[in-house]
Each structure stands twice: as C-alpha cells, then as structure tokens.
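Numbering (the working numbering), first residue to last: 731 to 801.
Just so it is clear, CB atoms sit at the ideal spot from N, CA and C, and this is done for glycine as well.
Values in this document were obtained by computation on a predicted structure and should not be read as measured data.
The structure appears below as structure tokens.
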C-alpha cells in the first residue's frame, strides 16, 4: 500500500460502496491515464479514500490487493 501523488492522472474503472460511518469515503479501481505512467504501471489499482475522524484529515491510498475487506 502506498499514497497517491496529488498530481497523478488516472481514470476510474469501477466504484464500490463507501462505508462513510467508518471513515471510508471512496473505494475505486483505477488505471493511470498518462501514457508514460501507464507504461511504468500498467496494472489496475485500488484507490481508497479515508477521512480520519479525530483530525478530519483526508488520505488517499493505493493498493494492488482487491481481496481485503473495506474495513
């Protein structure tokens, strides 16, 4: 799992239901849309958006694991 750079360009392939009560604000399957980046990382990834209830900060993570439960 890693963090997504703020300037990354990607396209959403699939969306899954978010569990906002647990802080999960997005769960998507993405692929990079810029040809140079798409060549370096040609696989689809899971993009997970999370908001920390204590601080209110928003985090976006990337993972190649599609089998783990959302939370």
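Collapsed DSSP secondary structure at residue i in the structure displayed
i	result
residue 751	helix
Opposing strand residues paired with residue i [DSSP bridges]
i	result
residue 757	746, 778
residue 732	792
Spatially closest choice to residue i from the options, by CA coordinates
i	options	result
residue 774	783, 746, 796	796
residue 734	793, 750, 798	793
residue 746	759, 737, 753, 736	759
Counted within 10 angstroms of its Cβ, other Cβ atoms place residue i as buried (16 or more) or exposed
i	result
residue 776	buried
residue 789	exposed
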